[in-house]
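Below: the structure, in structure tokens.
Protein chains in written order, with the numbering used here: chain A, 4 to 311; chain B, 4 to 311.
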């Protein structure tokens, strides 16, 4: 087993984590969570998204949040999710320097998600890309349903290759392969990543896994072995899955960082700091999260011997 | 990534799963669970343990259960856990043909668990081994805390090598390396298994992982890559962890089988049958279990497209 020495964690709780919550987090609560993450040493944070506030009211304060958190250069890289050109324009008007555009490899999923065919989204992607270049914004792209679609089922790896090829032609900085509804398995992750790395050895791939079927950390392990060193994770494993009530969503940041550290892989993040912020998160959302480490503590925790 | 074609699942819910439950499962309930597992195609079942009924009242009906489930040769392999010679004698008096003796690599854990030093347990192991040989019983051995001790912390791999060496000298059929409180990480699993396989290429190792820190399936993945093809798992992930209230225990059978099948690895088990029996289990214990697949369904499940 060969692993990278250091892994980059992109924290998505403020966006992917909070966007399905019944209780809408206030600006102050989001700021407190943001500060906790920064203090823990998180270097990349997807802080919100520029979508229509009626569609996702949980993200309506993303612009205000950016005003308050965008600061000096010591701060983490801030990323805004954008679903369309309108979102890119809004993000740009706020001074956002890095955006992430999402579209689905599966046509049916894309239609459900943004009411456009994948082809239409790809055309929009080119327009947004030109807009970003003109406005000095770095554009990342996430390919949703890269490992399967809840409606269509299997998404052939040839389809992902084709889409990645288009993105690389556009010189997209970071391409994220997203397992949007937790369908990936470790063999599939390994096969897809290795075949992509063979064709595009210089491209930076980021992985976005969900823990819907409990395979989140196993998929991260498979990706690490295939050379990946960048992952989207969500504090507390917050995120949920709109298709399976009660099911877990995003792979959990503290569980991921704990596994990486226990394997001797660096992240630059304080696990203690994450745990504290994750405790705060449970208060903000008003319910327990699927985090394992929050419940069990780290594996190097020693318990007092009873009856001694 | 190289994986075995087929994996053996040893179902431990009737023993490890139920032994910490507040509600004691009746003989009828255990039989119904057993029948569900057999119908699903499970080939090896740890059905109970011969411990003092005051110490573990949940296991007091293990002998009666055996009377009712031990049948024709088409049935699964039945294993009874035994903590000491007395247990072996009880199992033998019931006609049990295969037992599993457990002791801890960590002295402190062994003292807590069976009130003996590890050295004392090793001496008892030899006595039990002779007893089993005399009485035609196959003896497996589980080394608890093989990947760490909640009291002592790290358990050096040299210690596990030393213990495994002793067991192989005794020609123990199956040696189980147990991550008793969920402390193992994938790199550690890989390193330990590969080093053991190098010295003892012919020995069959079975792995017993807990999902306390969410790494259960990742550890199984690491073990598969190191050539392991036999795992203890518990239906519904039932089991708990006495040291971390609310934390998850054993790695979940249906989650494991789902991952293996999705990777093209055979188990001979019907996932549907497991899910049905896991649903029954939640009724028996009277609470939800940590199973992912029970909540989310398998990854090849297709959802109807809304608004179509």
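Virtual Cβ for every residue (Gly too), placed ideally from N, Cα, C. Computed from a prediction, not measured in an experiment: that's the story for all the values here.
Extent of the continuous alpha helix (DSSP H) run through residue i
i                     : result
residue 231 (chain A) : Segment: none, residue 231 (chain A) is in no alpha helix (DSSP H) and carries neither H nor E.
residue 211 (chain A) : Per DSSP, residue 211 (chain A) belongs to no alpha helix (DSSP H); it is in the beta strand (DSSP E), 207 to 211.
residue 132 (chain B) : 121 to 137
residue 389 (chain B) : Summary: the structure shown does not reach residue 389 (chain B), with chain B confined to residues 4 through 311, and so no result is reported for it.
residue 184 (chain B) : Note, residue 184 (chain B): premise wrong, no alpha helix (DSSP H); not H, not E.
residue 70 (chain A)  : 65 to 72
residue 2 (chain A)   : What the structure shows of chain A is the stretch from 4 to 311, and residue 2 (chain A) is not part of that stretch, so it cannot be assessed.
residue 189 (chain A) : 189 to 202
residue 287 (chain A) : 274 to 288
residue 92 (chain B)  : 88 to 96
residue 26 (chain A)  : Note, residue 26 (chain A): premise wrong, no alpha helix (DSSP H); not H, not E.
residue 297 (chain B) : 296 to 299
Any non-hydrogen atom of the ligand MG closer than 6 Å to residue i Cβ
i                     : result
residue 292 (chain B) : In the structure on display, the ligand MG does not appear, and there are no ligands present to speak of.
Separation of residue j from residue i, as counted between CA atoms
i                     : j                     : result
residue 42 (chain B)  : residue 13 (chain A)  : 45 Å
residue 176 (chain B) : residue 142 (chain A) : 58 Å
residue 105 (chain A) : residue 45 (chain B)  : 43 Å
residue 261 (chain A) : residue 296 (chain A) : 8 Å
residue 164 (chain B) : residue 207 (chain A) : 41 Å
residue 59 (chain B)  : residue 19 (chain B)  : 11 Å
residue 137 (chain B) : residue 102 (chain B) : 14 Å
residue 276 (chain B) : residue 128 (chain A) : 45 Å
residue 84 (chain B)  : residue 144 (chain A) : 53 Å
residue 233 (chain A) : residue 224 (chain A) : 12 Å
residue 125 (chain B) : residue 64 (chain B)  : 28 Å
residue 173 (chain A) : residue 28 (chain A)  : 36 Å
residue 182 (chain A) : residue 108 (chain A) : 11 Å
residue 185 (chain A) : residue 73 (chain A)  : 32 Å
residue 57 (chain B)  : residue 9 (chain B)   : 40 Å
residue 100 (chain B) : residue 179 (chain B) : 18 Å
residue 154 (chain B) : residue 115 (chain A) : 51 Å
residue 255 (chain A) : residue 215 (chain A) : 11 Å
residue 211 (chain A) : residue 150 (chain A) : 10 Å
residue 123 (chain A) : residue 130 (chain A) : 11 Å
residue 197 (chain B) : residue 160 (chain B) : 11 Å
residue 195 (chain A) : residue 169 (chain A) : 17 Å
residue 53 (chain B)  : residue 90 (chain B)  : 5 Å
residue 310 (chain B) : residue 66 (chain B)  : 56 Å
residue 162 (chain A) : residue 120 (chain A) : 15 Å
Anticipated Cβ contact below 8 Å, residue i with residue j, distance rounded
i                     : j                     : result
residue 48 (chain A)  : residue 23 (chain A)  : The pair is not a contact, with the Cβ atoms about 18 Å apart (cut-off 8 Å).
residue 26 (chain B)  : residue 219 (chain B) : The pair is not a contact, with the Cβ atoms about 24 Å apart (cut-off 8 Å).
residue 259 (chain B) : residue 236 (chain B) : 5 Å
residue 284 (chain B) : residue 36 (chain B)  : 6 Å
residue 273 (chain B) : residue 228 (chain B) : Residue 273 (chain B) to residue 228 (chain B), Cβ: 26 Å. No contact.
Residue interval of the beta strand (DSSP E) (run including residue i)
i                     : result
residue 177 (chain B) : 177 to 181
residue 14 (chain A)  : 11 to 14
Residue nearest to residue i in terms of C-alpha spacing, selected from the options
i                     : options                       : result
residue 203 (chain A) : A:156, A:224, A:29 and A:230  : A:230
residue 286 (chain A) : A:7, A:78, A:21 and A:259     : A:21
residue 166 (chain B) : B:62, B:191 and B:110         : B:110
residue 303 (chain B) : A:223, A:90, A:188 and A:89   : A:188
residue 94 (chain A)  : A:58, A:119, A:107 and A:68   : A:68
residue 282 (chain A) : A:267, A:272, A:300 and A:266 : A:300
residue 241 (chain A) : A:292, A:159 and A:139        : A:292
residue 113 (chain B) : B:148, B:8, B:88 and B:126    : B:148
residue 32 (chain A)  : A:71, A:4 and A:57            : A:71
residue 217 (chain A) : B:184, B:239 and B:267        : B:239
residue 80 (chain A)  : A:15, A:215, A:154 and A:162  : A:15
residue 305 (chain A) : B:199, B:228, B:152 and B:168 : B:152
residue 190 (chain A) : A:222, A:155 and A:146        : A:222
residue 11 (chain B)  : B:298, B:284 and B:268        : B:268
residue 308 (chain A) : B:96, B:193, B:156 and B:130  : B:156
residue 278 (chain B) : B:90, B:98 and B:40           : B:40
residue 171 (chain B) : B:78, B:120 and B:200         : B:200
residue 51 (chain A)  : A:226, A:7 and A:97           : A:97
residue 134 (chain A) : A:87, A:270 and A:209         : A:87
Residue(s) in a DSSP beta bridge with residue i
i                     : result
residue 156 (chain B) : B:152
residue 81 (chain A)  : A:48
residue 107 (chain B) : B:147
residue 142 (chain A) : A:102
residue 255 (chain B) : B:237
residue 269 (chain B) : B:9
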